[in-house]
Amino acid sequence: MLGAAGPFLPRSRDLPEDRRRRVAPLEEEPPAGEDETLLRGIFEIGKRSCDVVLSARRLRWSPIVPESPAGDSSTALQLKEEIIEMKDVFSVKVKRRRFVGQKRGGTLLGITIFKCLHKEENKLTDCAIHLNNFSEDHCHSWFRCLKEILNGFQNRPKSLKVFVNPSSHKREAIHIYYEKVSPLFKLADIKTDVTVTEYEGHALSVLKECELQAFDGVVCVGGDGFVSEVAHGLLLKAQIDAGKSTDYIAVPVRASVPLGVIPAGTTNILAYTLYGIKHAVTATLHIIMGHIQPVDACTFSTPSRLLRFGFSAMFGFGARTLALAEKHRWMPSSQRRDFAFVKTLADLKTEKCELSFLPLQIPQEDSCENGGKKKGKNKKKGSKDQWHKIQGDFLNVSIMAIPCLCSMAPRGLAPNTRLNNGSMALIVVQNTSRTEFIKHLKRYASVKNQFSFPFVETYTVQEVKVQPRIKSGLDAKENTDLNATAVDENYPWNIDGDLVEASEVHVRVHPQLINLYGVNTDDLESSKATCNCI
1 MLGAAGPFLP
11 RSRDLPEDRR
21 RRVAPLEEEP
31 PAGEDETLLR
41 GIFEIGKRSC
51 DVVLSARRLR
61 WSPIVPESPA
71 GDSSTALQLK
81 EEIIEMKDVF
91 SVKVKRRRFV
101 GQKRGGTLLG
111 ITIFKCLHKE
121 ENKLTDCAIH
131 LNNFSEDHCH
141 SWFRCLKEIL
151 NGFQNRPKSL
161 KVFVNPSSHK
171 REAIHIYYEK
181 VSPLFKLADI
191 KTDVTVTEYE
201 GHALSVLKEC
211 ELQAFDGVVC
221 VGGDGFVSEV
231 AHGLLLKAQI
241 DAGKSTDYIA
251 VPVRASVPLG
261 VIPAGTTNIL
271 AYTLYGIKHA
281 VTATLHIIMG
291 HIQPVDACTF
301 STPSRLLRFG
311 FSAMFGFGAR
321 TLALAEKHRW
331 MPSSQRRDFA
341 FVKTLADLKT
351 EKCELSFLPL
361 QIPQEDSCEN
371 GGKKKGKNKK
381 KGSKDQWHKI
391 QGDFLNVSIM
401 AIPCLCSMAP
411 RGLAPNTRLN
421 NGSMALIVVQ
431 NTSRTEFIKH
441 LKRYASVKNQ
451 FSFPFVETYT
461 VQEVKVQPRI
471 KSGLDAKENT
481 DLNATAVDEN
491 YPWNIDGDLV
501 EASEVHVRVH
511 PQLINLYGVN
521 TDDLESSKAT
531 CNCI
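Residues 1 to 534 in UniProt numbering are what the sequence shown lists, from first letter to last.
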C-alpha cells in the first residue's frame, strides 16, 4: 500500500539507488492542446504502484517496475498502459474505511472512480476502479479535478422527476427502482423526486401541475402503457406551458425536458427500441450518462379533440387483442396476453374502413424496395400534397413512427422506419385466411421479411386518417368479451400499449418532438434491420 505521495512523480535520481524505479513508457502523447496533462501522480491500482496521468479526455496509468541492474527495459515494455475515457466515467468518490455506525470521517484509502462498461448484446454495467493513496491533500486535489471534469459534460442530469407504476407486469417496478435504479442515481449524485402512482392517470395529473423547470429530466418505471401516459403528459405539459389549446394541436411545441424509460413491463417496446435490450441497469446508465436521442412523436386526434400524443398505434387485430386483455386484468400478465392473442385469433374479423394518407415525399434514390408493396411517389416542384385513399376490409392497420423493437419482434414491428426520420410506417394487412395471417405474424419473430405477402402493403407516410365505415361486425358474444361501449361509433385502438376508444382518427407525425434518454438503434447490433426481401 502506498504511503503519502505528492501529486507529481518523483525523479529516480532523488531516491536511493536500491529504491530507484523506472516508469513504463506511456503512449505517445496526442498533439499539444488536445490532451493536456492536468495531474500526474502515484496511486496503487490492483496491488501495483502505478504512474497515473489525468487529462480532460482520459485517465491513463501504467505500473512502476523496479529498475533492473543491467538497465533492461524489456519488462517495462511488456506492462501495458491502461486507459479510461473520461466520457465513460459517471462518478468519483473519496474512499474511506469506517467503523460500524460511523457516518463521517474514517481512514482515507484513496479515490474510487465509477465508469460505464459496455458489455455484449447492447448491455451496459458499472464497474469501479480504486486508486489507493493515503495522502489527504493528494486525493482531494485529484477528487476536485475529476469532479470538475465530470461537471463539464453536457446533458448529464442533476435532478430528475421519477414516476413508478407499482402495478406494472408482476408488480416488480418498485423493486426494480429501489434495488437497481435508485442506488445508481445516488452514486451519480442525482437528486430525485419520486411519485409512486396510485391510480391510472395519476402521472398525467401530476405532470400537468409539475414545475418541470426544477428538473433536468423525467423518468418512468413501468410498462408500455405507463410510458405512453408519461410521454403524453410530458408533451401535453409543454403545450399548456406554451399557452396552446389542448383540444386540437396542429403544430405542437417540443417537450421541455428529456424522458427516460426504465423497463418494468411485459413487452417494453420503447425500451427495446431505445436500448436494444430490456435491462434496467442499461437504461439507468444511459440516463446518467446523458445519452439523448431526439425522437419523432405523433398526435392522435378525432375531428374535434386531441386523443393523445404517442409513437405507434394499431387498429384491428392489435387493438382487439389489447381490448380483450384489458377485460381480463385479473389474470397474470403473461397469461392474459397469451389468452387474448389466441382468443382474438380464433375470432378473427376484419374492419371495413377507409384509409387516407399523405405519402412522405422522398428522392427516388433514397427509397428502398420491400418484400411487400411499399408505396411512395416523388414530389415534383410546385406540386401540391396529394392524399391517397384505399378502402376495404382490413385485418390490421399499424401506424408507427418508431421501429418498435421487442423480444417477439427483434427486427421491429416497423423495421423500415427510424427514430427521427420525420415519417411513419403505415402497414396494412388486408383480408386473408387465418392460416396466411398466422404465417405473417410468425415472420415477426424470424429474420424473414414479414411484409413479403400479397395481402400486406406498406407505405411511408406523413399523415393518416382512419375512417371506419360501418359497425365492425362484433357479434353479441364478442361485445361481451370486449366490453363494447354504448357508442356504436367507437372502436378500440392500441396506442403504445394503452387502450383508447375512438371512431375517425387523424394521425400526424411531428419530427423530433421529444428527447429520450437512449441511443439510436440504427447503431445497435440488435436492430440491424434491412428492407431487402429474404
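Glycine residues also receive a C-beta, built at the ideal position from the N, C-alpha and C atoms.
Fair warning: this is a prediction, and the values are worked out from it, not measured in the lab.
Asked                                                                                                                                                                                 : Found
What does DSSP give as the partner residue(s) for residue 510 in the beta ladder?                                                                                                     : 297
Smallest Cα separation from residue 515: which of 302, 238, 264, 325?                                                                                                                 : 238
Fully enclosed by the segment 190-240, which alpha helix (DSSP H) runs are 4 residues long or longer?                                                                                 : 202-209
Look up residue 33 in the DSSP assignment and say whether it is helix, strand or coil.                                                                                                : Legend: pLDDT at residue 33 = 48, less than 50; position of this residue unreliable, value from coordinates given subsequently. It is coil, neither helix nor strand.
Have a look at 497, 493, 517 and flag the residue whose alpha-carbon is nearest the alpha-carbon of residue 507.                                                                      : 493
Label residue 408 either buried or exposed according to how many other C-beta atoms from any shown protein chain fall within 10 Å of its C-beta, with 16 as the threshold for buried. : exposed
Taking C-alpha atoms, which residue in 44, 298, 55, 358 lies nearest to residue 65?                                                                                                   : 44
At the level of alpha carbons, what is the spacing between residue 24 and residue 207?                                                                                                : With a pLDDT of 39 at residue 24, under the threshold of 50, the modelled position of that residue is not reliable, and the figure given next carries that caveat. Each residue's Cα considered, the two are about 56 Å apart.
Pull the bridge partners of residue 535 from the DSSP assignment, please.                                                                                                             : Outside the modelled stretch of the chain, which goes from 1 to 534, sits residue 535, for which no answer is possible.
If you compare alpha carbons, which of 133, 357, 136, 142 is closest to residue 53?                                                                                                   : 142
Helix, strand or coil for residue 321 per DSSP?                                                                                                                                       : helix
Rounded C-beta distance between residue 196 and residue 164? I'm assuming under 8 Å.                                                                                                  : 5 Å
So, with DSSP's three-state summary, where would you put residue 246?                                                                                                                 : coil
Let's test the definition: count the other Cβ atoms within 10 Å of the Cβ of residue 321 and tell me whether it reaches 16, buried, or not, exposed.                                  : buried
If you draw a straight line from the alpha carbon of residue 414 to that of residue 404, how long is it in whole angstroms?                                                           : 6 Å
Grouping DSSP H, G and I as helix and E and B as strand, with all else coil, what is residue 88?                                                                                      : helix
Once the 5 residues before and after residue 445 are set aside, which same chain residues still bring their CB inside 6 Å of it?                                                      : 408
Give the DSSP-derived three-state secondary structure of residue 65 in the structure shown.                                                                                           : strand
Quick one: Cα of residue 293 to Cα of residue 418, how far?                                                                                                                           : 12 Å
Since residue 468 and residue 351 should fall inside the 8 Å C-beta cutoff, what is the C-beta to C-beta distance between them, to a whole number of angstroms?                       : 6 Å
Provide the residue span of the alpha helix (DSSP H) that contains residue 123, from first to last.                                                                                   : From DSSP, residue 123 is part of no alpha helix (DSSP H); its letter is neither H nor E.
Measuring alpha carbon to alpha carbon, tell me which of 503, 259, 216, 129 ends up nearest residue 563.                                                                              : Lying before the first or after the last residue shown, residue 563 is absent from the chain, which here runs from 1 to 534.
Using only the alpha-carbon positions, how far apart do residue 251 and residue 399 sit?                                                                                              : 19 Å
Could you compute how far the alpha carbon of residue 518 sits from the alpha carbon of residue 216?                                                                                  : 15 Å
Between 416, 337, 453, which lies nearest to residue 169 when the distance is taken from Cα to Cα?                                                                                    : 337
Helix, strand or coil, according to DSSP, for residue 502 in the structure here?                                                                                                      : strand
For residue 174 versus residue 166, is the C-beta distance shorter than 8 Å?                                                                                                          : yes
May I have the straight-line CA-CA distance separating residue 368 from residue 458, to the nearest angstrom?                                                                         : With a pLDDT of only 42 at residue 368, under 50, the local geometry of the prediction cannot be trusted, and the value read off the model is given with reservation. About 12 Å.
How big is the Cα-Cα spacing for residue 205 and residue 233?                                                                                                                         : 8 Å
For a test of the three-state rule: what should DSSP assign to residue 142, helix, strand or coil?                                                                                    : helix
Output yes or no for whether 8 Å exceeds the beta carbon distance between residue 93 and residue 110.                                                                                 : no
Consult DSSP for residue 19 and reduce its assignment to one of helix, strand or coil.                                                                                                : For residue 19, the predicted model reports a pLDDT of 39, less than 50, meaning its position is unreliable; a value from the coordinates is still stated below. Three-state DSSP puts residue 19 in a helix.
Please report the distance separating the alpha-carbon of residue 461 from that of residue 332.                                                                                       : 37 Å
DSSP puts residue 493 in a beta bridge; with which residues?                                                                                                                          : 315, 500
Name the residue from 247, 411, 358 whose alpha carbon lies nearest to the alpha carbon of residue 422.                                                                               : 358
Closest by CA to residue 90, which one among 49, 83, 146, 48?                                                                                                                         : 146
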